[in-house]
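This report refers to the structure that appears directly beneath it.
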Amino acid sequence: MIEWLMILLRVAGIGLIALALLHFPIGKQLRWREEARLLAPMNASVFHVHTFFICVVLVMMGLPCVVAPVIFLVPSQAGAWVTWSIAVFWALRLYCQFFVYRADLWRGKRMETTVHCIFSVIWTALLALFTACGMVQQGWLH
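Residue numbers (the working numbering): 39 to 180.
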């Protein structure tokens with residue numbers, strides 16, 4: 039089980055870093071620069087800073103998964119805190135996918151629905167992975 043989790047953590051880490059980098063083409067596709075110009079200067083600044091920090095957090099989550107996945111699997115108090123915190127992060131992101139984003143933004147639109155479904159699966163998988171790692175940290179899963 040631990041060997042599989044190490045492999046899955048590495049795959050997830052690569053995916054998280056890729057997602058951070060994908061913010062550049064995603065931003066172009068969604069015309070974030072043009073949209074931000076329509077905002078008040080303070081709101082535009084907040085938008086850009088938040089986007090930057092989302093990318094930083096994704097890289098900071100992804101790097102240890104790729105470089106040292108064992109830190110999520112060797113029981114320790116710090117490991118448990120980090121692992122469960124990341125699990126909660128992805129649980130909240132999954133919640134937002136269904137209850138914060140309005141369904142009319144994607145429902146009935148082929149590409150948007152596909153993207154919604156793909157990211158729903160990704161957030162669910164990340165939640166399951168870090169929950170499993172948290173269970174290893176607690177000694178509930180071996």
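Ideal placement from N, C-alpha and C gives every residue a C-beta, glycine not left out.
Query: Segments assigned alpha helix (DSSP H), at least 4 residues, entirely inside the region 100-151; Result: 115-137
Query: Distance between Arg71 and Gly65 (C-alpha atoms, nearest Å); Result: 7 Å
Query: Secondary structure of Ala78, DSSP reduced to three states; Result: coil
Query: Distance between beta carbons of Gly100 and Leu68, contact taken as under 8 Å; Result: Actually they are not in contact, since the Cβ atoms of Leu68 and Gly100 sit about 22 Å apart, beyond 8 Å.
Query: Any 3 or more C-beta pairs closer than 8 Å across the region 86-104 and the region 133-152; Result: no
Query: Cβ separation of Cys103 and Gly51, assumed to be a contact under 8 Å, to the nearest whole Å; Result: 3 Å
Query: Local Cβ density within 10 Å of Val120, reported as buried at 16 or more and exposed below that; Result: buried
Query: Buried versus exposed call for Pro113 [16 or more other C-beta atoms within 10 Å across all chains shown]; Result: exposed
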